[in-house]
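In UniProt numbering, the protein residues as written are 1 to 137. Even for Gly, the Cβ is constructed at its ideal location relative to N, Cα and C. For clarity, every value in this text was computed on a predicted model and none was experimentally measured. Below you'll find the structure, written out as structure tokens, and then a few comments.
This is the structure:
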């Protein structure tokens, strides 16, 4: 999906990719890992697969659009919204995507966005493994 969407943006919509495609790809890879780990963490609290599916959709899509900088800059948010915006993986991927597409940035320029995104994957997977209940046989 990532490659197709990037190709579509560049060819059909004419959005120039000014920065590093490798940085964008690495950011997308880390974001997919963080999103998957977040879904795994949410599913540890749910009793059924359907509840986990809906819970993950509600707890990821709404904060991702409202607090990640897609609508309003994270710097303009206050209180709990600001905290969610700073912690959420989507915020950091939005910075990477905007930086590579619009500002011709590469890895060294986007270091501040890669670090929290890379740290979130093992932290979320570790929390998920710790909180996962043992299944009785």
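In the DSSP assignment, find the alpha helix (DSSP H) that holds residue 121 and state where it starts and stops.
-> Against the chain shown, residue 121 aligns to sequence position 121. Its alpha helix (DSSP H) spans residues 111–131.
CB of residue 70 within 8 Å of CB of residue 89, strictly = The residue labelled residue 70 in the question sits at position 70 within the chain shown. The residue labelled residue 89 in the question sits at position 89 within the chain shown. Contact flag unset, no.
So which of 36, 74, 73 has the shortest CA-CA distance to residue 59?
-> The sequence position of residue 59 within the chain shown is 59, counting from 1. If we check each option's Cα against that of residue 59, 36 comes out closest.
Rank 132, 61, 27, 96 by C-alpha distance to the C-alpha of residue 121 and give the top, closest one.
-> Position 121 of the chain shown holds residue 121. Checking every option, the nearest Cα to that of residue 121 belongs to 27.
Identity of the residue in 73, 111, 76 nearest residue 24 by Cα = Sequence index remark: in the chain shown, residue 24 carries index 24 (1-based). The option with the nearest alpha carbon to residue 24 is 111.
For the alpha helix (DSSP H) holding residue 42, just list the boundary residues, first then last.
-> Position 42 of the chain shown holds residue 42. 21–43 is the span of the alpha helix (DSSP H), which, as asked, contains residue 42.
Relative to the C-alpha of residue 63, which residue among 126, 6, 84 is closest?
-> Locating residue 63 in the chain shown gives position 63, counting from the first residue. Answer by Cα proximity: 84.
Answer yes or no: do residue 41 and residue 127 have a C-beta to C-beta separation smaller than 8 Å?
-> Sequence index remark: in the chain shown, residue 41 carries index 41 (1-based). Sequence index remark: in the chain shown, residue 127 carries index 127 (1-based). Taking 8 Å as the Cβ cut-off, residue 41 and residue 127 qualify as a contacting pair.
Give every residue of the same chain whose Cβ lies closer than 6 Å to the Cβ of residue 9, excluding the five residues on either side of it in the sequence, and list them in chain order.
-> For the purposes of this step, residue 9 is taken as the residue at position 9 of the chain shown. Once the five neighbours on either side are set aside, the close Cβ partners of residue 9 are 15.
Determine the direct distance from the alpha carbon of residue 32 to that of residue 13, and round the result to whole angstroms.
-> For this step, residue 13 is matched to residue 13 along the chain shown. For this step, residue 32 is matched to residue 32 along the chain shown. Approximately 24 Å between the Cα atoms of the pair.
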